[in-house]
Amino acid sequence: MALAQADISAPLRVAMADDDTAEHMLIQMAADQAELDADFSFYECGEDLLSNLRNIAHPNDLPQIIILDLRMPGLDGYATLDQLHGDPALWAIPVVVLTSSAREAERSLSLSRGASLFQEKPEDFSKLVSLARGLPLLAICWDGAITSNR
Amino acid sequence: MPDLQRDDPQASTDETQQVVYAISHDLRASARHIKSFVQLLEGHLGEQLDDEARDYINRIGTAADSLQAKLDALTRLSRVATGGVEPVPCSVREALNDALTVLGPSIRGARVIVGVDPMGMVIADPGQLVTVFVEVIGNALKFCSEPTQIRVTSEADGDRCIVRVVDSGPGFRTGDCNAAFELFRRFHKATIPGTGTGLAIVRRIGDRHRAGVTIDSSPDGGTTVQFTLPAVTEHTAGDRLARLAGP
Chain A
1 MALAQADISA PLRVAMADDD TAEHMLIQMA ADQAELDADF SFYECGEDLL SNLRNIAHPN
61 DLPQIIILDL RMPGLDGYAT LDQLHGDPAL WAIPVVVLTS SAREAERSLS LSRGASLFQE
121 KPEDFSKLVS LARGLPLLAI CWDGAITSNR
Chain B
1 MPDLQRDDPQ ASTDETQQVV YAISHDLRAS ARHIKSFVQL LEGHLGEQLD DEARDYINRI
61 GTAADSLQAK LDALTRLSRV ATGGVEPVPC SVREALNDAL TVLGPSIRGA RVIVGVDPMG
121 MVIADPGQLV TVFVEVIGNA LKFCSEPTQI RVTSEADGDR CIVRVVDSGP GFRTGDCNAA
181 FELFRRFHKA TIPGTGTGLA IVRRIGDRHR AGVTIDSSPD GGTTVQFTLP AVTEHTAGDR
241 LARLAGP
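As you go down the protein sequences, you meet chains A and B in turn.
Residues 1 to 150 in this note's numbering are what the first sequence spells out, letter by letter.
Residues 1 to 247 in this note's numbering are what the second sequence spells out, letter by letter.
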């Protein structure tokens, strides 16, 4: 299968699904403060995320990272993880679950359903900036791991 | 048709805990947004802010911090019922030692006198017994400006064990000491950090154990917190063994 290639010179393609649009704005501002060169696409539910990703014709246009909230109306984070994991075109995209819950059960459930990283939404904005700064590294490491396992 | 939900106090309590958790979880996101956008606003306006505007922004940030701390407290309180384990035989002395380890550096300067039977065993949720000691001793340490003395004792009373934590601190002035167990109730000025949650958690844990937690304090100084737990005696240990052996 063809995979999105990590190209460190191009803007990082990030898709985020969160029903709270304030979260979209905060991650965008955090990326700006981290001076992260990134193109964000925002969705308010799992269905919108999946239907948009499935309409992307070329793998190199797919997001390199998906940021996913757990509690969303309609298809929630877990169901979205299942759909991503079961889709041959989408399974290899690393997913960061970014949620306001810090419960261990939710962490293990997210990781067991294919999330690459589980992160509680930081209460301090500067920590969100640090998270944004780490996104390219996650994309590159994940891409390398997938490629070497093929 | 009987209302099953209402007839089952445990189901009703569990439902309440879930509601409290959901509320504190959702409200925490709002508090986080207030704090983050105020930080962004401050960064955006920068030098344009005069002292008055900066003061308003600081007050919004402080209020958001306070809201977050109270929501954390609510979450902790809701977890007393959902996060506990079944009471088992455990050592009062070990629970106290664990609590003193948790309190660590904040204990420096205070004198903790331990008069707890090293062999004394009670039936309790071990983690929650540690929490009770952490909250009660932590409170005593927090409100004493001078080097304080805290005495922790246990006393056998038939098949019960009475535990007391007595401090030499300033005490508090109130007509009703039980008000100290109310959530977010504070008797001291805002300069002393805290949300007024520790004793509410102690009371909730006490209720779960039917430990009859009481607090007694006088404005002249000194506060005593007391609770009573079932002791593990030869008699109760025999009963447990018999139950384990089956009919």
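Note that beta-carbon positions come from the ideal geometry of N, C-alpha and C, so glycine has one too.
Do you know whose CA, among the options, lies nearest residue i's CA?
i: F125(A); options: S36(B), P87(B), N97(B) and I205(B); result: S36(B)
i: S51(A); options: N60(A), D39(A), L75(A) and Q28(A); result: L75(A)
i: A57(A); options: K127(A), A30(A), A89(A) and A22(A); result: A89(A)
i: A43(B); options: A31(B), A29(B), S30(B) and N58(B); result: Reading the sequence as shown, one finds Gly at residue 43(B) and not Ala. Of the listed residues, the one whose Cα sits closest to G43(B) is N58(B).
i: A249(B); options: I23(B), L103(B), C90(B) and T148(B); result: Any property of residue 249(B) remains undetermined from this structure, which presents chain B solely from 1 to 247.
i: G96(B); options: M121(B), G109(B), A81(B) and G83(B); result: The residue you asked about is not Gly; residue 96(B) is Leu in the sequence shown. For the residues M121(B), G109(B), A81(B) and G83(B), the minimum Cα distance to L96(B) belongs to M121(B).
i: A81(B); options: I215(B), R203(B) and L40(B); result: R203(B)
i: Q226(B); options: I162(B), V134(B) and S106(B); result: I162(B)
i: Y43(A); options: G77(A), A17(A) and M72(A); result: A17(A)
i: A105(A); options: L131(A), C45(A) and Y78(A); result: Y78(A)
i: V88(B); options: A200(B), G138(B) and I123(B); result: I123(B)
i: E155(B); options: S30(B), G109(B) and L229(B); result: L229(B)
i: D125(B); options: Y56(B), K70(B), G169(B) and E94(B); result: E94(B)
i: V152(B); options: P219(B), V114(B) and G61(B); result: V114(B)
i: G138(B); options: D220(B), L199(B) and I215(B); result: L199(B)
i: V232(B); options: T16(B), V165(B) and G158(B); result: G158(B)
i: G171(B); options: V136(B), F184(B), R160(B) and T197(B); result: V136(B)
i: Q119(A); options: E47(A), I67(A) and H24(A); result: I67(A)
i: L36(A); options: L109(A), R133(A) and L138(A); result: R133(A)
i: V95(A); options: L117(A), A34(A), I27(A) and A10(A); result: L117(A)
i: L62(A); options: L98(A), V129(A), F40(A) and R107(A); result: F40(A)
i: Q248(B); options: A64(B), T75(B), L71(B) and A69(B); result: Residue 248(B) lies beyond the range of chain B shown here (1 to 247); nothing can be said about it.
i: G196(B); options: H209(B), I150(B), E182(B) and G206(B); result: E182(B)
i: L81(A); options: R107(A), R54(A) and R113(A); result: R113(A)
What in chain B is Cβ-close to residue i, meaning under 8 Å?
i: A31(A); result: Correct list: empty, because the minimum Cβ distance to chain B is about 13 Å.
i: L109(A); result: Those do not exist, as L109(A) stays about 16 Å from chain B at its closest Cβ, beyond 8 Å.
Does DSSP classify residue i as helix, strand or coil?
i: A2(A); result: With a pLDDT of only 43 at A2(A), under 50, the local geometry of the prediction cannot be trusted, and no value is derived from it.
i: E155(B); result: strand
i: D50(B); result: coil
i: F37(B); result: helix
i: S116(A); result: coil
i: D3(B); result: Model confidence at D3(B) stands at a pLDDT of 44, short of 50, so the residue's coordinates are unreliable and nothing is read from them.
i: R150(A); result: Reliability of the predicted coordinates at R150(A) is poor, the pLDDT of 48 falling under 50, and the value obtained from them is presented with this limitation in mind. R150(A) falls in the coil class under three-state DSSP.
i: V134(B); result: helix
i: S126(A); result: helix
i: I56(A); result: coil
i: M16(A); result: strand
i: P136(A); result: helix
i: L183(B); result: coil
i: T195(B); result: coil
i: L98(A); result: strand
i: T16(B); result: helix
Can you list the residues of chain A that residue i reaches, using a CB-CB cut of under 7 Å?
i: Q39(B); result: F125
For residue i, go through chain A and note every residue whose CB falls closer than 8 Å to its CB, in chain order.
i: K35(B); result: E123, D124 and F125
Can you name the residues of chain B whose CB is closer than 9 Å to the CB of residue i?
i: S188(A); result: Residue 188(A) lies beyond the stretch modelled for chain A, which goes from 1 to 150, so this question has no answer here.
i: D239(A); result: Absent from the structure is residue 239(A), since the part of chain A shown begins at 1 and ends at 150.
i: L26(A); result: R32, H33, S36, F37 and L40
The alpha helix (DSSP H) that contains residue i, what's its start and end?
i: R108(B); result: It is not in any alpha helix (DSSP H) - R108(B) carries neither H nor E in the DSSP assignment.
i: L109(A); result: E104 to S112
i: L68(A); result: Counting along the chain, L68(A) falls outside any alpha helix (DSSP H), though it belongs to the beta strand (DSSP E) covering I65 to L68.
i: P202(B); result: This sequence places Val at residue 202(B); Pro is not what is there. G198 to H209 is the extent of the alpha helix (DSSP H) around V202(B).
i: D32(A); result: T21 to Q33
i: D82(A); result: G77 to H85
Which bits of chain A does residue i rub up against, with CB to CB less than 9 Å?
i: Q68(B); result: E123
Between which two residues does the beta strand (DSSP E) carrying residue i extend?
i: R164(B); result: R160 to D167
i: S41(A); result: A38 to Y43
i: I93(A); result: Run containing I93(A): none; DSSP gives neither H nor E here.
i: F227(B); result: T223 to P230
i: D216(B); result: T214 to S217
For the region 65 to 132 of chain B, which segments carrying the beta strand (DSSP E) assignment without a break, of at least 3 residues, lie completely within its bounds, in sequence order?
Qualifying beta strand (DSSP E) stretches, in chain order: 88 to 91, 111 to 115 and 121 to 124.
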